[in-house]
Amino acid sequence: MGLLWRQPHPGLLLLWVLPWLQLSLCLELVLYTPQITAWDLEGRVTATTFSLEQPTCIFDGHAGANDTIWLVVAFSNASRDFQNPRTLAEVPTSPQLLTDGHYMTLPLSPDQLPCEDPQGGRGGIRLLRVGSDFSCQQQPYCNAPLPSPGPYSVKFLVMDVSGSPKAETKWSDPITLCQGKAPGSIDTWPGRRSGCMIVITSILLSLACLLLLAFLAASTLRFSSLWWPEEVPEQLRIGSFMGKHYVTHHIPPSEAATLPVGLSSLGVKRPQSLEGSHCRPQKSCPQSQ
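Numbered by the working numbering, the letters in the sequence shown go through residues 219 to 507 in order.
Now the structure itself:
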């Protein structure tokens, strides 16, 4: 009796697993592994985005004209638990990343991934930027910025019009986003700098010192006249004054006697009060005019 009671359980389990087994057996595996673009571009991986190579010429023979190629994004540790949706209604959206650990985004048609560049090789670099849409927070299949550094794993999934999966690629290697550093963790010790940086810094300091010295020298030459006045010209010194006219009416009588001898040649007369005055014994008296 116990055996009869236990026999239905394996059958019920098989009936529950059979749809998933059929789905897995019908699903084709595309031998392709998504990866970060090989082009040396700035911002290939940022704090919220990463850029994948476009899977061109990958789904030929696996996807029809009416099929849709989806990108599945999942945390690397949750990718093994991801189950492909069976209808469009089961497609996980971007908010489910934080709850279920995965979501689907970037639905593309096969004609959007042609094998040949329609512009003859002048179409630029072809890539898929995951997490680049900052304005679609409320849309169902939003390509929203990634909320954490990850790591993440991705794969491509081909679904038909009804939402039934047809083919899938392999999961990518883990992709870790860039992380900012706390200001306190940055080492600013000069000894950690490279030799080139030390040499460049020394050269710049030397040039700054030379420029400062040149400025001081130029300033000294420019303003030296303020500190050391130039010598008075010879013709402006007392006792060597030369001129054609000399007015004596403003000269006091007491100072008229001390006029230089050379002034007589200029037509300057002594005051009448001095005429007939006695000269000093040491000198001869000039004759009166």
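Using N, Cα and C, we set each Cβ at its ideal position, and we do this for glycine too. Model, not experiment: these values are computed from the prediction.
Residue i vs residue j beta-carbon contact at 9 Å
{"i": "Tyr-359", "j": "Leu-324", "result": "yes"}
{"i": "Asp-378", "j": "Asp-278", "result": "no"}
{"i": "Ser-362", "j": "Ser-297", "result": "Looking at the sequence itself, residue 362 is Ala, so the reference to Ser does not match. Their beta carbons are not under 9 Å apart, which means Ala-362 does not touch Ser-297 by this criterion."}
{"i": "His-320", "j": "Ala-292", "result": "yes"}
{"i": "Leu-331", "j": "Ile-287", "result": "yes"}
{"i": "Thr-394", "j": "Cys-333", "result": "no"}
Beta-carbon contacts of residue i that lie in its chain and below 8 Å, excluding the five residues immediately before and after
{"i": "Pro-392", "result": "Ser-294, Gly-368, Pro-369, Tyr-370 and Ser-371"}
{"i": "Leu-245", "result": "Asn-302, Pro-383, Lys-384, Ala-385 and Glu-386"}
{"i": "Cys-354", "result": "Cys-360, Asn-361 and Ala-362"}
{"i": "Gly-398", "result": "Ala-265"}
{"i": "Met-322", "result": "Trp-288, Leu-289, Val-290, Val-291, Pro-303, Val-309, Pro-310, Thr-311, Tyr-359 and Leu-375"}
{"i": "Leu-439", "result": "none"}
{"i": "Leu-429", "result": "none"}
Neighbourhood of residue i by C-beta, 6 Å cutoff - its chain only, sequence neighbours within 5 removed
{"i": "Thr-305", "result": "Gly-381"}
{"i": "Thr-264", "result": "Cys-396"}
{"i": "Phe-508", "result": "Here the chain covers residues 219 to 507 and nothing more, so residue 508 does not appear."}
{"i": "Ser-314", "result": "Correcting the residue identity first, residue 314 is Gln in this sequence and not Ser. For Gln-314, where only same-chain residues beyond five positions count, the Cβ hits under 6 Å are Tyr-321."}
Nonlocal neighbours in the same chain, by C-beta distance under 7 Å from residue i, ignoring five residues either side
{"i": "Leu-345", "result": "Thr-255, Ser-269, Leu-270, Glu-271 and Gln-272"}
{"i": "Val-248", "result": "Ile-276, Phe-277, His-280, Ala-385, Glu-386 and Thr-387"}
{"i": "Leu-425", "result": "none"}
{"i": "Gln-240", "result": "The pLDDT assigned to Gln-240 is 46, lower than 50, so where the model puts this residue is not dependable, and the model offers no usable value."}
{"i": "Phe-352", "result": "Pro-363"}
Cβ-based burial, residue i [other Cβ within 10 Å; buried from 16]
{"i": "Lys-373", "result": "buried"}
{"i": "Thr-251", "result": "exposed"}
{"i": "Ile-421", "result": "exposed"}
{"i": "Val-348", "result": "buried"}
{"i": "Ser-390", "result": "buried"}
{"i": "Phe-433", "result": "exposed"}
Beta-carbon separation (whole angstroms), residue i vs residue j, contact threshold 8 Å
{"i": "Pro-310", "j": "Asp-318", "result": "6 Å"}
{"i": "Val-290", "j": "Leu-375", "result": "5 Å"}
{"i": "Thr-419", "j": "Ser-350", "result": "Thr-419 to Ser-350, Cβ: 39 Å. No contact."}
Min CB distance residue i to chain C below 9 Å
{"i": "Asp-258", "result": "The chain inventory of the structure shown lacks chain C, comprising one protein chain alone."}
Length-filtered (4 minimum) alpha helix (DSSP H) runs lying within the stretch 276-326:
Runs of the alpha helix (DSSP H) inside the stretch 276-326: 315-318.
Counting only runs that start and end within the stretch 336-399, where is the beta strand (DSSP E) found for 3 or more residues in a row?
Runs found: 345-348, 370-377 and 383-387.
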